[in-house]
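Listed in order, the protein sequences are those of chains H and E.
The working numbering numbers the first residue of the first sequence as 11 and each following residue consecutively.
The working numbering numbers the first residue of the second sequence as 11 and each following residue consecutively.
Just so you know, even glycine gets a beta-carbon here, dropped at the ideal spot from N, CA and C.
These notes concern the structure reproduced below.
Number of protein chains: 2
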Amino acid sequence: MRRLFFTTSLFFICISLFAQNEDSLFIRRIANEILLNGKAYDNLRELTRNVGARLAGSPGMVKAEQWGLKTMKESGADKAWLQECMVPHWVRGGQDKAEAKYNGSAKKALNVAALGNSEGSGSRGVTADVIEVKSFDELEAKKDQVKGKIVFYNYHFNPTFIPTFMSYGDAVRYRGAGPSRAAKYGAVAVSVRSMSHSTDNFPHTGSTNYDTAYPKIPAVAIGLQDADWLDGQLQKSPVKVSLTTYGHFLPDTIGHNVIGELTGSEFPNEYITVGGHLDSWDLAEGAHDDGTGITQTMEILRTFKALGYKPKHSIRFVLFMNEENGMRGAAKYAEEAKKNNEKHIFGLESDAGGFTPRGFSFGGKPEQLEKARSWIPLFYPYGVYEISRGGGGADVGPLARLGAAVSELSPDSQRYFDYHHAANDVFENVNKRELELGAINMAAFIYLVDKYGW
Amino acid sequence: MRRLFFTTSLFFICISLFAQNEDSLFIRRIANEILLNGKAYDNLRELTRNVGARLAGSPGMVKAEQWGLKTMKESGADKAWLQECMVPHWVRGGQDKAEAKYNGSAKKALNVAALGNSEGSGSRGVTADVIEVKSFDELEAKKDQVKGKIVFYNYHFNPTFIPTFMSYGDAVRYRGAGPSRAAKYGAVAVSVRSMSHSTDNFPHTGSTNYDTAYPKIPAVAIGLQDADWLDGQLQKSPVKVSLTTYGHFLPDTIGHNVIGELTGSEFPNEYITVGGHLDSWDLAEGAHDDGTGITQTMEILRTFKALGYKPKHSIRFVLFMNEENGMRGAAKYAEEAKKNNEKHIFGLESDAGGFTPRGFSFGGKPEQLEKARSWIPLFYPYGVYEISRGGGGADVGPLARLGAAVSELSPDSQRYFDYHHAANDVFENVNKRELELGAINMAAFIYLVDKYGW
Numbered sequence: 011m012r013r014l015f016f017t018t019s020l021f022f023i024c025i026s027l028f029a030q031n032e033d034s035l036f037i038r039r040i041a042n043e044i045l046l047n048g049k050a051y052d053n054l055r056e057l058t059r060n061v062g063a064r065l066a067g068s069p070g071m072v073k074a075e076q077w078g079l080k081t082m083k084e085s086g087a088d089k090a091w092l093q094e095c096m097v098p099h100w101v102r103g104g105q106d107k108a109e110a111k112y113n114g115s116a117k118k119a120l121n122v123a124a125l126g127n128s129e130g131s132g133s134r135g136v137t138a139d140v141i142e143v144k145s146f147d148e149l150e151a152k153k154d155q156v157k158g159k160i161v162f163y164n165y166h167f168n169p170t171f172i173p174t175f176m177s178y179g180d181a182v183r184y185r186g187a188g189p190s191r192a193a194k195y196g197a198v199a200v201s202v203r204s205m206s207h208s209t210d211n212f213p214h215t216g217s218t219n220y221d222t223a224y225p226k227i228p229a230v231a232i233g234l235q236d237a238d239w240l241d242g243q244l245q246k247s248p249v250k251v252s253l254t255t256y257g258h259f260l261p262d263t264i265g266h267n268v269i270g271e272l273t274g275s276e277f278p279n280e281y282i283t284v285g286g287h288l289d290s291w292d293l294a295e296g297a298h299d300d301g302t303g304i305t306q307t308m309e310i311l312r313t314f315k316a317l318g319y320k321p322k323h324s325i326r327f328v329l330f331m332n333e334e335n336g337m338r339g340a341a342k343y344a345e346e347a348k349k350n351n352e353k354h355i356f357g358l359e360s361d362a363g364g365f366t367p368r369g370f371s372f373g374g375k376p377e378q379l380e381k382a383r384s385w386i387p388l389f390y391p392y393g394v395y396e397i398s399r400g401g402g403g404a405d406v407g408p409l410a411r412l413g414a415a416v417s418e419l420s421p422d423s424q425r426y427f428d429y430h431h432a433a434n435d436v437f438e439n440v441n442k443r444e445l446e447l448g449a450i451n452m453a454a455f456i457y458l459v460d461k462y463g464w
Numbered sequence: 011m012r013r014l015f016f017t018t019s020l021f022f023i024c025i026s027l028f029a030q031n032e033d034s035l036f037i038r039r040i041a042n043e044i045l046l047n048g049k050a051y052d053n054l055r056e057l058t059r060n061v062g063a064r065l066a067g068s069p070g071m072v073k074a075e076q077w078g079l080k081t082m083k084e085s086g087a088d089k090a091w092l093q094e095c096m097v098p099h100w101v102r103g104g105q106d107k108a109e110a111k112y113n114g115s116a117k118k119a120l121n122v123a124a125l126g127n128s129e130g131s132g133s134r135g136v137t138a139d140v141i142e143v144k145s146f147d148e149l150e151a152k153k154d155q156v157k158g159k160i161v162f163y164n165y166h167f168n169p170t171f172i173p174t175f176m177s178y179g180d181a182v183r184y185r186g187a188g189p190s191r192a193a194k195y196g197a198v199a200v201s202v203r204s205m206s207h208s209t210d211n212f213p214h215t216g217s218t219n220y221d222t223a224y225p226k227i228p229a230v231a232i233g234l235q236d237a238d239w240l241d242g243q244l245q246k247s248p249v250k251v252s253l254t255t256y257g258h259f260l261p262d263t264i265g266h267n268v269i270g271e272l273t274g275s276e277f278p279n280e281y282i283t284v285g286g287h288l289d290s291w292d293l294a295e296g297a298h299d300d301g302t303g304i305t306q307t308m309e310i311l312r313t314f315k316a317l318g319y320k321p322k323h324s325i326r327f328v329l330f331m332n333e334e335n336g337m338r339g340a341a342k343y344a345e346e347a348k349k350n351n352e353k354h355i356f357g358l359e360s361d362a363g364g365f366t367p368r369g370f371s372f373g374g375k376p377e378q379l380e381k382a383r384s385w386i387p388l389f390y391p392y393g394v395y396e397i398s399r400g401g402g403g404a405d406v407g408p409l410a411r412l413g414a415a416v417s418e419l420s421p422d423s424q425r426y427f428d429y430h431h432a433a434n435d436v437f438e439n440v441n442k443r444e445l446e447l448g449a450i451n452m453a454a455f456i457y458l459v460d461k462y463g464w
């Protein structure tokens with residue numbers, strides 16, 4: 011019995027080694043195809059330079075959808091289509107401006123950007139004394155002094171967290187909830203320190219969420235250098251700021267997810283989804299957020315076709331719409347999947363920048379996580395060395411509720427928030443090979459899940 | 011007996027866990043000090059902007075040595091000094107120029123830089139037809155056509171190697187040996203495709219090594235876009251290139267290693283060395299090569315002092331001179347160590363750019379490697395997940411011959427050769443946190459070796 015067990019084990023070990031070797035060879039072919047003939051970087055150049063900013067509802071969105079559909083077809087989808095969804099239509103509406111007056115007559119222009127979804131001051135602007143708080147606790151302590159003021163949330167991105175997404179998770183509540191919490195005490199506007207470790211002065215926008223119980227006061231992000239200046243000046247003298255913003259919502263409009271499919275040879279009705287989001291903030295080209303995720307997604311499709319890989323399951327390549335300020339595309343995709351009774355086994359996303367991959371975060375059953383981790387030796391030569399318990403990204407997240415395992419690429423995070431939601435999120439700040447390494451590891455993951463299932 | 015063994019084991023396991031916990035807490039203190047109060051980035055700005063290029067023998071070298079000594083003292087060295095060594099004194103001597111003539115009268119300026127240590131053409135220049143070879147094999151096959159020509163080595167950086175240092179190791183022979191191998195067959199000059207994956211047109215210089223058996227012909231690196239243009243044009247028509255370079259050697263001159271020391275409390279006569287190189291090529295500020303290694307080195311010193319850490323062994327912080335084109339500083343340091351009968355237990359170097367660390371390469375006895383690997387859980391939160399069998403860098407390498415274990419920081423390598431030895435190796439291309447993460451992991455490694463020895 012023992013002997014039989016031993017022999018059987020050896021048999022399975024041999025099979026397993028053979029499979030690993032076959033897999034490592036195929037993943038090497040994926041890597042070579044992407045590194046030698048890759049189109050992700052060229053596609054990213056086109057998207058960022060010829061399409062540019064593409065916030066939901068904007069003319070850029072429409073252009074991006076057409077570009078996405080064309081590129082999806084060129085990348086070799088068996089079929090490709092637009093999936094309609096209603097999207098919010100927020101517009102900046104004009105040039106955000108802020109000017110500080112201090113020491114009597116001294117003036118200084120501040121680098122600000124209205125927060126996404128915020129209501130503008132209109133052309134008359136808001137002028138008021140600034141009150142600085144470093145935290146919500148300090149806001150509560152000073153609540154009696156807030157009325158009629160502009161609240162300046164000067165909460166720092168915590169440098170002692172090593173993954174920068176931890177700093178973001180920690181700080182983002184000031185952007186999300188800060189305006190309404192200040193409005194509750196009678197503030198007339200809010201300025202939030204940009205969520206970034208950067209050394210420059212770009213303001214970093216992003217969604218805010220008003221609590222409808224309070225007035226929707228104007229709210230801006232301020233660049234780090236100007237935030238530091240304001241902090242220093244307030245220790246010397248009162249500062250009055252005049253703030254002019256024009257943000258407002260137009261009626262919801264029609265947007266689309268762009269979907270390409272390779273139809274499965276064995277399980278055509280079981281789906282693997284890989285994607286990123288097509289929309290971007292209006293301030294820049296949306297290179298790392300999320301042009302890289304989009305172009306990696308289509309690069310995986312192109313590579314599978316180039317290698318003649320016929321997936322067992324149907325693979326959907328999805329450019330989600332409206333991740334930034336509404337998540338309507340992701341909701342629509344999951345809703346349709348549910349309505350059509352689709353079986354989704356895996357959703358993989360890239361929305362953390364086009365930097366060298368280090369790992370994946372993973373949400374699924376413990377045995378699925380264990381299986382995914384057994385593949386780490388196959389990813390390792392391409393930079394991925396860990397699969398951490400976590401979730402998918404925002405866009406594939408809803409698929410988890412349909413029973414799919416979900417995952418997100420975890421690239422090196424140190425530079426991501428230097429560019430995130432700011433005007434410097436441009437093509438030049440993406441490295442071709444780092445982008446390609448992400449696509450390689452994602453393609454390998456899709457291939458392994460498709461081949462072995464869970 | 012078994013029980014005693016178990017109890018004893020448990021005792022040692024507890025001790026070991028306690029030690030690991032104590033170590034992880036101290037390394038957390040190191041990290042916080044560097045991330046919150048770090049001076050590496052400010053020092054790098056000073057070095058790159060106020061000192062700038064600093065090739066051995068140049069006025070920039072002298073300025074850099076003075077800056078290094080001052081900064082070493084400010085960082086808290088118990089003692090700091092300059093260690094004299096004779097260095098080669100190569101100068102570019104003028105503006106490198108290359109112009110292509112093709113299709114009869116069409117002309118195009120090519121972006122070139124003379125290779126370090128190469129002999130210039132002088133102001134009369136060299137004008138000759140270009141013959142392209144993709145490899146030494148092709149050179150040998152075409153050896154009868156080489157006479158009187160300019161040989162264009164168009165050997166590509168191999169994109170399928172994932173660590174870019176493998177591509178460099180593969181391609182660098184064309185820069186090193188290419189000129190003399192072409193001169194052997196009568197070539198009058200050589201142009202080498204720059205060793206880079208970059209998408210721009212900067213030429214990347216670096217040392218060449220003439221074989222004294224053949225004429226020392228002019229040799230340049232050519233930018234990748236111009237290399238591709240030349241390759242394409244040569245398929246359509248002959249191309250004549252006029253090349254003008256002025257490189258030459260002046261007599262050897264005096265340079266210095268900059269050395270700082272924290273004297274050991276228990277083993278003052280046993281040494282741990284940590285360093286990078288102070289010299290840089292003349293074309294740029296030498297930010298990643300190796301301003302980052304230099305400033306990380308002094309940051310470790312500053313951090314140990316700030317935390318009140320008293321090392322058991324003497325720790326030497328060394329800014330080596332002349333790594334780029336002679337290695338005289340490293341040779342001198344090892345020579346003095348040998349002469350003074352110093353016992354060197356460890357040498358650690360940073361000379362692979364200031365990018366997010368992924369690991370260390372390590373040269374030492376198997377049991378030392380095993381011990382170093384047992385510390386990986388302590389590095390892991392700061393990005394280092396592997397210690398690979400390899401060597402130290404070029405500057406601490408000679409210490410291995412004195413019995414020291416040697417190691418080099420292995421940062422993410424994807425962007426290193428975008429800047430290496432080129433005019434874009436500037437301060438802006440270094441990320442503050444990536445630089446700091448390197449210093450943290452290096453400081454942790456030094457601390458662990460100092461505390462536990464081998």
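* Asked: Would you call E:Val459 buried or exposed, if buried means 16 or more other Cβ atoms sit within 10 Å of its Cβ?
  -> The residue in question, E:Val459, is buried, as its Cβ has 16 or more Cβ neighbours within 10 Å.
* Minimum C-alpha distance to H:Val440 - residue among E:Gly78, E:Arg64, E:Arg425 -> Comparing alpha carbon positions, the residue from E:Gly78, E:Arg64, E:Arg425 closest to H:Val440 is E:Arg425.
* Take E:Leu329 and list the residues in its own chain whose beta-carbon comes closer than 6 angstroms to its own, dropping the five residues that flank it on each side. => If we look at E:Leu329 and ignore the five residues flanking it on each side, its Cβ neighbours are Gly78, Val268, Leu288, Ile304.
* To do: Output, in chain order, the set of chain E residues within a Cβ distance shorter than 8 angstroms of H:Gln424.
  => One finds Thr366, Asn441, Arg443, Glu444, Leu447 in chain E with Cβ atoms closer than 8 angstroms to the Cβ of H:Gln424, taken in chain order.
* For E:Val156, which residues of its own chain have a beta-carbon under 8 angstroms away from its beta-carbon, when the five flanking residues on both sides are left out? -> Closer than 8 angstroms at the Cβ level, and outside the excluded window around E:Val156, lie Ile141, Leu149, Ala192, Tyr195, Gly196, Ala197.
* Using the rule of at least 16 other Cβ atoms within 10 Å of the residue's Cβ for burial, across every protein chain shown, is E:Phe15 buried or exposed? -> Because E:Phe15 carries a pLDDT of 42, less than 50, the predicted location of this residue cannot be relied on, and the following value inherits that uncertainty. It is exposed - the Cβ of E:Phe15 has fewer than 16 other Cβ atoms within 10 Å.
* Show which residues of chain H have a CB atom less than 7 angstroms away from the CB atom of E:Thr209. => Neighbours of E:Thr209 on chain H, chain order: Lys442.
* Asked: Going by the beta-carbon positions, is the gap between E:Ala316 and E:Asn127 smaller than 8 angstroms?
  -> No, the pair does not count as a contact, with Cβ atoms beyond the cut-off.
* To do: Closer than 9 angstroms by beta-carbon distance: list the chain H residues that pair up with E:Pro421, in chain order.
  => For E:Pro421, no chain H residue has a C-beta closer than 9 angstroms to its own C-beta; the minimum C-beta separation is roughly 10 angstroms.
* Asked: Using the beta-carbon count (16 or more within 10 Å), is H:Glu75 buried or exposed?
  -> That one is buried.
* Examine chain E for any beta-carbon lying closer than 8 angstroms to the beta-carbon of H:Leu45, and answer yes or no. => Judged by the 8 angstroms Cβ criterion, H:Leu45 is in contact with chain E.
* Closer than 8 angstroms at the beta carbon, the chain H residues around E:Ile172 -> Close partners of E:Ile172 in chain H (Cβ separation under 8 angstroms): Ala41, Pro391, Tyr392, Gly393, Leu447.
* **Chain-ordered residues of the region 158-182 of chain E with a beta carbon less than 7 angstroms from chain H** => Listed in sequence order: Pro169, Thr170, Ile172.
* Determine the direct distance from the alpha carbon of E:Phe427 to that of E:Leu199, and round the result to whole angstroms. => For the record, residue 199 of chain E in the displayed sequence is Ala; it is not Leu. Spanning the two alpha carbons is a distance of roughly 25 angstroms.
* **Residues that DSSP places opposite H:Lys118 in a beta bridge** => H:Ala110.
* Is the Cβ-Cβ distance between H:Tyr220 and H:Gly104 less than 8 angstroms? -> The beta carbons of H:Tyr220 and H:Gly104 sit no closer together than 8 angstroms.
* For the beta strand (DSSP E) holding H:Arg203, just list the boundary residues, first then last. => Element bounds for H:Arg203: 199-203.
* **H:Gly4 in three-state terms, based on DSSP** => No information on residue 4 of chain H is available, as it lies outside the stretch 11 to 464 that chain H covers here.
* **Collapsed DSSP secondary structure at H:Ala138 in the structure displayed** => Residue state, collapsed to three classes: strand.
* To do: Report yes or no: do the region 354-364 of chain H and the region 298-312 of chain H share at least 3 C-beta pairs separated by less than 8 angstroms?
  => Contact between the region 354-364 of chain H and the region 298-312 of chain H is present, because at least three Cβ pairs lie under 8 angstroms.
* **CA-to-CA distance, E:Ser34 to E:Tyr462, given in whole angstroms** => In this structure, the straight-line span from the alpha carbon of E:Tyr462 to that of E:Ser34 is close to 14 angstroms.
* **Backbone secondary structure at E:Tyr163 - three-state DSSP** => Reduced to three states, the DSSP call for E:Tyr163 is strand.
* **Three-state secondary structure (DSSP) of E:Ser177** => E:Ser177: helix per DSSP, three-state reduction.
* How about H:Phe36: is its C-beta nearer than 8 angstroms to some C-beta of chain E? -> Not one chain E Cβ lies under 8 angstroms of H:Phe36.
* To do: Can you tell me the Cβ-Cβ gap for H:Arg326 and H:Glu271, rounded? I've got them flagged as a contact below 8 angstroms.
  => The Cβ separation is near 5 angstroms, so the contact holds.
* In this structure, what does DSSP give as the bridge partners for H:Trp91? -> The partner list for H:Trp91 (beta bridge, DSSP) reads H:Ile269.
* Asked: In its own chain, which residues sit with a C-beta less than 8 angstroms from the C-beta of E:Ser177, not counting the 5 before and 5 after it?
  -> Cβ neighbours of E:Ser177 within its own chain (closer than 8 angstroms, five residues either side excluded): Phe167, Asn168, Pro169, Phe171, Met205, His207, Phe427.
* **Assigned exposure category for E:Asn121 - 16 Cβ within 10 Å defines buried** => Buried, by the Cβ-count rule.
* **Straight-line Cα distance separating H:Ala229 from H:Trp464** => One C-alpha to the other measures close to 46 angstroms.
* **6 angstroms Cβ shell around E:Ala410 - same chain, five flanking residues per side excluded** => Annotation for E:Ala410: Gly373, Val416 place their beta carbon closer than 6 angstroms to its own, counting only its chain and skipping 5 residues before and after.
* So who's on the other strand from E:His323, going by DSSP bridges? -> E:His323 is bridged by DSSP to E:Phe277.
* Rounded to the nearest angstrom, how far is the Cβ of E:Val455 from that of E:Ser420, given a contact under 8 angstroms? -> Position check: residue 455 of chain E holds Phe in this sequence, whereas Val was assumed. Contact check for E:Phe455 and E:Ser420: beta-carbon distance about 12 angstroms, past the 8 angstroms limit, so the pair fails to qualify.
* To do: Might you give, ordered along the chain, the residues of its own chain that have their beta carbon closer than 8 angstroms to the beta carbon of E:Arg383, omitting 5 neighbours on each side?
  => Only Ile397 meet the Cβ criterion.
* Using a threshold of 8 angstroms, state whether the C-beta atoms of E:Asn113 and E:Ser247 are closer than that. => A contact, by the Cβ cut-off of 8 angstroms.
* Pick helix, strand or coil for H:Leu388, following the three-state DSSP scheme. => The three-state reading of DSSP puts H:Leu388 in helix, counting H, G and I together.
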